[in-house]
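Beneath this line is the structure, given in structure tokens, with notes to follow.
Chains as they are written, first to last, in the UniProt record's numbering: chain A, 1 to 330; chain B, 1 to 330.
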């Protein structure tokens, strides 16, 4: 998969490596691990990101410093490698500068539907993470170059993009890679886990507390609904980003078939996230509300008010629960 | 490790397999997986547990029924195999019956300090789980016998005993085993994860909501304290067991060095759980309160009242934070 990449990259000297804006564990992990690989193979490397690196990922910058791009620093590079983004605009304002300069750009990513803006495109949308792909680069070239810092960086990306190896995207290969990373990096999971998941603020805890208190069950406890309101965000000084992952709480209620997160704080309506834990197809459900998605995860908008939205959503779900003979997953 | 076990078990016909009382994922997973192995190798098998199997584990009984022991059923067995308990009393009232009959008993377990009550003792206290050990049995005898049901059972035990492969007990081998289980069982993690972690009740959600609301930070945000009170348990109709895992919430606050869970609902005092996410040694800390444990996790009791307990605990922690130069893990 990386043979062309490994061959062609030899034509360049100073590589600028970009991770996407609003960075997460996978893009930072991939950026650090490929930068270390480039350094070990005698390239000059500068790692860039337009945004701040989240607090819980900053330890990764001990291995590779990630800098804010400036025209001066960018001008030193003769090739750019973009990781974990499927189009140039995912990397921020730099995209325009890059387009103007028409410098060569390679990309490595696992998001579907990559744009055709890149000179080399390594895009595998059924990979769990971009870090899983970067492991493949080491594997094709020289696993012996995978040291503790690169192992921990790749581990960080795989873990954060797979909900700690719990998502459907996790294959036997993903897990075998993690086993090898623990061995080569000579570390135990908790050493990294405690740092990457320890990024919660007190306002986020208060918001979660309030949201948990709203969970309601409907239709003989088959549907769980959690709500987050504008008042909650205002009282706690939080925003939409602080609700990330909240839907897992109603989804963890025993015996439910589907869970719904109702976000009643957007200016243009109520945002509905639907998750299924049965053969209830939430894509069908979301479509009745003018939205869509997948069987297990879908979304829609409702004009409100919240009580009416919940009533209507539950009514549609109740119909589905009756129409099909539902079974839980196992 | 299993050579004597595999050789000696051939002398018997009908094996009674026990998992420990108050069963969890690891003992049930191990029990189901070894019962399937015994069945495949033409033994008669009856699986026993004195307690109810938790709702989120009941799907495992599709492969192997787990029965309440009766004298009649027990009398059919000529050998007992006890999994995931280091002493006979861990398996309930049956222990007395077994002692009286002096029937042969084998054990497989990963808890430290096994008793000497067993005829064969397979005890590995640095294994992540008993399920990891049962995988070793298949491995030594016949990995080809590891089918979907046994793979999912072993996966359940390893995952639930390691906090989804996040604990210090997880080695490269543990993770390699999980990779093999996913391959042999031909399943993706979410299929099992969604079921085993979907066991929460609405009262547990309310209790968590209340507990999150109590989180306080001390000593320049280096110590996070969460409290659970008798009033909270009473208002939600919950008990001590419903606080399991709560300490991970104060422990996930950014930049803290240690987290404390204060359980103010026991009749005989306030129970304090201490966790470290730095080089703060909570064992030293707990000892000053007359308790103890390990560097990263320890416990103690305080006579109360709660405000005084928190004040004293924080004071001891503050002294430690000053005495040693603290660093976070990475």
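By construction, the Cβ of each residue, glycine as well, lies at the ideal position given by its N, Cα and C atoms.
Check: Quick one: which chain A residues come within Cβ less than 8 Å of residue 252(B)?
Finding: 197, 198, 199, 200
Check your understanding: From 307(A), 310(A), 287(A), pick the residue whose C-alpha is nearest to that of residue 300(A); which is it?
Key -> 287(A)
If we count the other Cβ atoms within 10 Å of its Cβ and call it buried at 16 or more, is residue 305(A) buried or exposed? exposed
Would you report the Cα separation of residue 322(A) and residue 21(B), rounded to the nearest angstrom? 38 Å
Handout entry: Own chain residues within Cβ distance below 8 Å of residue 114(A), not counting five before or after
Key = 86, 87, 107, 121, 123
(Q) With three or more beta-carbon pairs closer than 8 Å as the criterion, would you say the segment 210 to 226 of chain B touches the segment 187 to 201 of chain B? (A) no
Please go through the same chain and pick out, in chain order, the residues whose beta-carbon is closer than 7 Å to the beta-carbon of residue 7(B), but skip the five residues on each side of it. none
CA nearest to the CA of residue 45(A), picked from 167(A), 65(A), 258(A) = 65(A)
#### Entry: the segment 30 to 37 of chain B contacting the segment 138 to 157 of chain B, beta-carbon criterion three pairs below 8 Å
yes
Residue 324(B) classed as buried or exposed, judged by whether at least 16 other C-beta atoms fall within 10 angstroms
exposed
Strand pairing of residue 263(A), partner residues [DSSP] = 228(A), 271(A)
| message | Residues in the same chain with beta-carbon distance under 8 Å from residue 71(B), minus the five sequence neighbours each way, listed in chain order, please. | response | 97
| query | Going along the chain, which residues of its own chain have a beta-carbon closer than 7 Å to the beta-carbon of residue 4(B), five neighbours each way excluded? | reply | 120
**Coil, strand or helix - residue 134(A) by DSSP** = helix
Using the C-alpha atoms, what's the distance from residue 24(A) back to residue 332(A)?
Lying outside 1 to 330, the shown extent of chain A, residue 332(A) is not represented and no answer is given.
So, with DSSP's three-state summary, where would you put residue 122(B)? strand
Inter-residue spacing [alpha-carbon to alpha-carbon] between residue 208(B) and residue 315(B): 26 Å
- Query: Which bits of chain B does residue 188(A) rub up against, with CB to CB less than 7 Å?
  - Reply: 168, 170
What ranges does the beta strand (DSSP E) occupy inside the segment 14 to 99 of chain A, keeping only unbroken runs of at least 3 residues that lie completely in it? 14 to 19, 44 to 48, 79 to 83
For residue 295(A), three-class secondary structure by DSSP: coil
**OP:** With DSSP collapsed to three states, give me the class of residue 278(A).
**Re:** strand
| message | Would residue 30(B) and residue 130(B) qualify as a contact pair, given that the criterion is a beta-carbon distance under 8 Å? | response | yes
Rounded to whole angstroms, what is the Cα-Cα separation between residue 294(A) and residue 251(A)? 16 Å
- Query: How many angstroms separate the CA atom of residue 206(B) from the CA atom of residue 159(A)?
  - Reply: 29 Å
Practice problem: List the residues of chain B that residue 215(A) touches, going by C-beta distances under 7 Å, in chain order. | Solution: 202, 205
**Prompt:** From the DSSP output, which residues share a beta bridge with residue 332(A)?
**Reply:** Past the boundaries of the shown model lies residue 332(A); chain A is included only from 1 to 330, so the question cannot be answered.
- Message: Please classify residue 132(A) as buried or exposed, where buried requires at least 16 other C-beta atoms within 10 Å of its C-beta.
- Response: buried
| If we cut at 8 Å on Cβ distances, does residue 231(A) have a partner in chain B? | no
**Asked** chain A partners of residue 63(B), CB-CB under 8 Å?
**Response** Result: empty, since nearest Cβ-Cβ is about 11 Å, beyond 8 Å.
Q. For residue 77(B), which residues from the same chain have a beta carbon less than 8 Å from its beta carbon, with the 5 sequence-adjacent residues on both sides left out?
A. 14, 15, 16, 46, 103
Can you name the residues of chain B whose CB is closer than 7 Å to the CB of residue 90(A)?
Ordered by position in chain B, no residue passes the 7 Å Cβ test against residue 90(A), which lies about 26 Å from the chain.
Is the distance from the Cβ of residue 263(A) to the Cβ of residue 243(A) below 8 Å?
yes
Cβ distance (whole Å) where residue 128(B) is taken to contact residue 175(A) below 8 Å: Between residue 175(A) and residue 128(B) the Cβ distance is about 14 Å, and since that is not below 8 Å, they are no contact.
**Study point:** Exposed unless 16 or more other CB atoms sit within 10 angstroms - verdict on residue 84(A)
**Key:** buried
Exercise. Which residue from 277(B), 296(B), 270(B), 297(B) puts its Cα closest to that of residue 312(B)?
Worked result: 270(B)
Check whether the segment 234 to 242 of chain B and the segment 275 to 283 of chain B are in contact - that is, three or more C-beta pairs closer than 8 Å. no
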